[in-house]
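**Student:** Sharing a structure, written as structure tokens. Questions coming.
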Amino acid sequence: MQPEYTERRRANVNKSEKQAHFSKTARKEFLLDGRKQKDAERARMEAYRRLCEKEGIQSQRLKEYDEARTSAKDSLQARLDEVDADTTLTNNEKKKRKYNLKRKFAATTTNEILEKRKKRYGAVQEAEALAQQRQEARKAKMEAIAASKKMKQKKINERIAKNKLLSQRTKKGQPILSNQVSLLLDKLNK
Numbered sequence: 026m027q028p029e030y031t032e033r034r035r036a037n038v039n040k041s042e043k044q045a046h047f048s049k050t051a052r053k054e055f056l057l058d059g060r061k062q063k064d065a066e067r068a069r070m071e072a073y074r075r076l077c078e079k080e081g082i083q084s085q086r087l088k089e090y091d092e093a094r095t096s097a098k099d100s101l102q103a104r105l106d107e108v109d110a111d112t113t114l115t116n117n118e119k120k121k122r123k124y125n126l127k128r129k130f131a132a133t134t135t136n137e138i139l140e141k142r143k144k145r146y147g148a149v150q151e152a153e154a155l156a157q158q159r160q161e162a163r164k165a166k167m168e169a170i171a172a173s174k175k176m177k178q179k180k181i182n183e184r185i186a187k188n189k190l191l192s193q194r195t196k197k198g199q200p201i202l203s204n205q206v207s208l209l210l211d212k213l214n215k
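Encoded structure:
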């Protein structure tokens, strides 16, 4: 009895065909997984919304969630319109870009968008705070240098005036007593 031969797969399948098949299935899985996550998130948020309405609570979290959802939809629509308006793209490229935008939108949940915004905002705030600290430190350093120069110049001027008073002499070459007394009084006051 001869074994039944089933149709075998071709041995010389191109590498590019394998890669295309793999990436196609990976994209589908990514899309389906993202849709499941999005549906689960939506169900959770609607349950939370019903609970808040039942309790009579105004939830800030729901407000942020709704704003993020609408802004994500608006940004998607704006990007799709940009792709449509771009005259440099061929129809095939437009289809691909639109598909990729829609796929990405379908796969990302609203909470992920909110987390990214918060992280981005936190990073921006940190960078701004760091820049402001550096600027304040630089400003304080410059003020300290300016005050030091001012003090140095004041001391130099005082020394010049003191030396001028000490160098004054009478006609007979004696130091002027009133200058000596005023300098001693200045020393005592300091």
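Everything in the sequence shown is counted per this note's numbering, starting at 26 for the first residue and increasing by one. The beta-carbon is built from N, C-alpha and C at its ideal position, and this holds for glycine as well.
How do the segment 91–101 and the segment 43–59 stand: do at least 3 beta-carbon pairs fall below 8 Å, yes or no?
**Tutor:** The segment 91–101, when compared against the segment 43–59, does not touch it at the 8 Å Cβ threshold.
**Student:** Out of curiosity, what's the CA-to-CA distance linking A186 and P200?
**Tutor:** Cα-Cα distance, rounded: 15 Å.
**Student:** So what does R194 bridge to, in DSSP terms?
**Tutor:** According to DSSP, R194 bridges with P200.
**Student:** If you follow the alpha helix (DSSP H) that N125 is in, where does it begin and where does it stop?
**Tutor:** From DSSP, the alpha helix (DSSP H) with N125 extends over 116–132.
**Student:** How do the segment 55–73 and the segment 129–147 stand: do at least 3 beta-carbon pairs fall below 8 Å, yes or no?
**Tutor:** Yes, they touch.
**Student:** Measure the CB-CB distance between N204 and Q193 and report whether it falls below 7 Å.
**Tutor:** Taking 7 Å as the Cβ cut-off, N204 and Q193 qualify as a contacting pair.
**Student:** For K119, I'd like the list of residues in its chain whose CB is within less than 8 Å of its CB, leaving aside the five on either flank, ordered along the chain.
**Tutor:** Excluding sequence neighbours, K119 sits near V108, D109, D111.
**Student:** By DSSP, does N136 sit in helix, in strand, or in coil?
**Tutor:** Reduced to three states, the DSSP call for N136 is helix.
**Student:** Tell me the DSSP secondary structure of T113 in three-state form.
**Tutor:** Coil.
**Student:** Would you decide whether T115 is buried or exposed? Buried here means 16 or more other CB atoms lie within 10 Å of its CB.
**Tutor:** With fewer than 16 other Cβ atoms within 10 Å, it is exposed.
**Student:** By Cβ distance, which residues of its chain are closer than 6 Å to L190, with the 5 residues on each side in sequence left out?
**Tutor:** Correct list, in chain order: N204.
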